[in-house]
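J.:
In full-length UniProt numbering, the protein residues as written are 1 to 357.
#1: Write down every uninterrupted run of the beta strand (DSSP E) in the region 266 to 292 whose length is 3 residues or greater and which is fully enclosed by it, in chain order.
#2: So, residue 78 versus residue 186, is the Cβ gap smaller than 9 Å?
#3: From residue 339 to residue 94, what does the alpha carbon distance come to, in whole angstroms?
#4: Cα separation between residue 68 and residue 283?
#5: Spell out a yes or no on whether the region 224 to 243 and the region 298 to 313 are touching, meaning 3 or more CB-CB pairs, one atom from each, closer than 8 Å.
#6: Could you tell me the distance, in whole angstroms, from the CA atom of residue 286 to the CA atom of residue 198?
#7: Quick check: the region 162 to 172 against the region 87 to 105, are there 3 or more CB pairs under 8 Å?
#8: Give the secondary structure of residue 118 by DSSP, where H, G and I count as helix, E and B as strand, and everything else as coil.
#9: Go through its chain and collect everything with a Cβ distance to residue 237's Cβ below 7 Å, but skip five positions before and after it.
#10: Can you list, in chain order, the residues of its chain with a C-beta nearer than 7 Å to that of residue 21? Leave out the 5 residues immediately preceding and following it.
#11: Residue 366: buried (16+ other C-beta within 10 angstroms of its C-beta) or exposed?
#12: According to DSSP, is residue 324 part of a helix, a strand, or is it coil?
#13: Between 300, 288, 270, 242, which has its C-alpha nearest residue 324's C-alpha?
#14: Using a Cβ distance threshold of 8 Å, determine whether the region 104 to 117 contacts the region 132 to 145, with at least three qualifying pairs required.
#15: Have a look at the DSSP bridge pairing and note the partners of residue 212.
#16: Would residue 268 pass as a contact of residue 347 if the rule is Cβ separation under 9 Å?
#17: Does DSSP classify residue 124 as helix, strand or coil?
#18: Report buried or exposed for residue 182, applying the criterion of at least 16 other Cβ atoms within 10 angstroms of its Cβ.
#19: Out of 222, 86, 9, state which residue places its alpha-carbon closest to the alpha-carbon of residue 212.
#20: Short of 8 Å in beta carbon distance, which residues of its chain neighbour residue 122, apart from the five on each side in sequence? Order them along the chain.
#21: Pop quiz: residue 209 and residue 74 are said to be a contact at Cβ under 8 Å. What is the actual Cβ separation, rounded to whole angstroms?
#22: Have a look at residue 344 and residue 304 and give me their C-alpha separation to the nearest angstrom.
#23: Note down, in chain order, each residue of its chain lying with its Cβ closer than 8 Å to the Cβ of residue 341, except the 5 sequence neighbours on either side.
#24: Can you give, in chain order, each stretch of the alpha helix (DSSP H) that sits fully within the region 126 to 160 and has at least 4 residues?
Below, the structure written as structure tokens:
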């Protein structure tokens, strides 16, 4: 009879390793500290994270909160054994949803659940989260690591993120003055971002390629590396343009549902966004997905971002000023279309031309 059987079961016998959890916390402390910003000290270990709105410079703030996950992109990270970028995706999916409302992301919390905790794998994930927080200018003030044998098998894991931002009262977007003739600008995506990966994985399966094979659309990367390219974080350029011009009327983060589901969320019911598809230059990954999977244009547009990760609406006479402000921050805005009167019973997004797939 073993010593543990003689003395009764331990938590470790049940598959939960407290020491591994403690080891991971120690590994991630430097990454967490690196996200310090005014209002948060970047330390973890308490029962709750603290944030001082006054120290962050706010006078009369409205808080804005968002949460999201990374979806089945995680399966590619797990199968390809690359865990250093999905944390950036996690932050991006949350903070991009804050900035579209004119809010500055302030703090972030993560939830990481796994079947068997590997402190090195966990640390790589959290280091990605910290990198996303640095890109967004928000503090990682806490999180939860849950080892759950029986819920997740082997090296499987899931991530959820929670972000809180703030805007001064009266400065939230969308503004109430979106009008016919307003210009629609698009900001480039880095690729597939974090939506549509169940279809992506189905297409990869059909192609017969492995994650370590060369990507057919990018000779410099394996297929796994290319498809794990992290979601772009648009926070800093957008906040800079909002503050410099005060001319951005609405923003839309192009996530699951693509243009037709996301753009109408910020529009009044009497207007439609008329998008010129020929103004878009989709990254090569989208052409490969469309051709390999036999995916029709309409399905591509309602599943993927197709090369545009963020939409900006501004008055026609302010468009050049907004383009200049975004360009100064390293963006390359594309003139995508304009606001038009919505036909009775018509769609919130209508298209001209065809997508160059």
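Note that CB positions come from ideal geometry on N, CA and C, so glycine has one too.
T.: Reading it off the structure:
#1: Whole beta strand (DSSP E) segments, 3+ residues: 271 to 276.
#2: At the C-beta level, residue 78 and residue 186 stay beyond 9 Å of one another.
#3: So the two alpha carbons sit approximately 27 Å from each other.
#4: About 25 Å.
#5: Touching, yes, given that three or more Cβ pairs across the two stretches are closer than 8 Å.
#6: CA-to-CA, the gap between residue 286 and residue 198 works out to about 15 Å.
#7: Three or more beta-carbon pairs drawn from the region 162 to 172 and the region 87 to 105 are found closer than 8 Å, and the two stretches are therefore classed as touching.
#8: DSSP, read as helix, strand or coil, puts residue 118 in coil.
#9: Answer for residue 237: 326, 329, 330, 331, listed in chain order.
#10: For residue 21, where only same-chain residues beyond five positions count, the Cβ hits under 7 Å are 117, 145, 147.
#11: Any answer about residue 366 is impossible in this case: the structure gives the chain only from 1 up to 357.
#12: Reduced to three states, the DSSP call for residue 324 is helix.
#13: Of the listed residues, the one whose Cα sits closest to residue 324 is 242.
#14: Yes, the region 104 to 117 touches the region 132 to 145.
#15: Beta-bridge partners assigned by DSSP to residue 212: none are found.
#16: In this structure, residue 347 does not lie closer than 9 Å to residue 268 by Cβ.
#17: Helix at residue 124.
#18: Within 10 angstroms of the beta-carbon of residue 182 lie 16 or more other beta-carbons, which makes it buried.
#19: Selected option, being the one with the closest Cα: 222.
#20: Cβ neighbours of residue 122 beyond the five flanking positions: 24, 27, 28, 112, 114, 145.
#21: Not quite, the Cβ-Cβ distance comes to about 19 Å (not below 8 Å), so this is no contact.
#22: Whole-angstrom Cα-Cα distance: 27 Å.
#23: Within the same chain, residue 341 has close Cβ partners 180, 270, 271, 272.
#24: Runs of the alpha helix (DSSP H) inside the region 126 to 160: none found.
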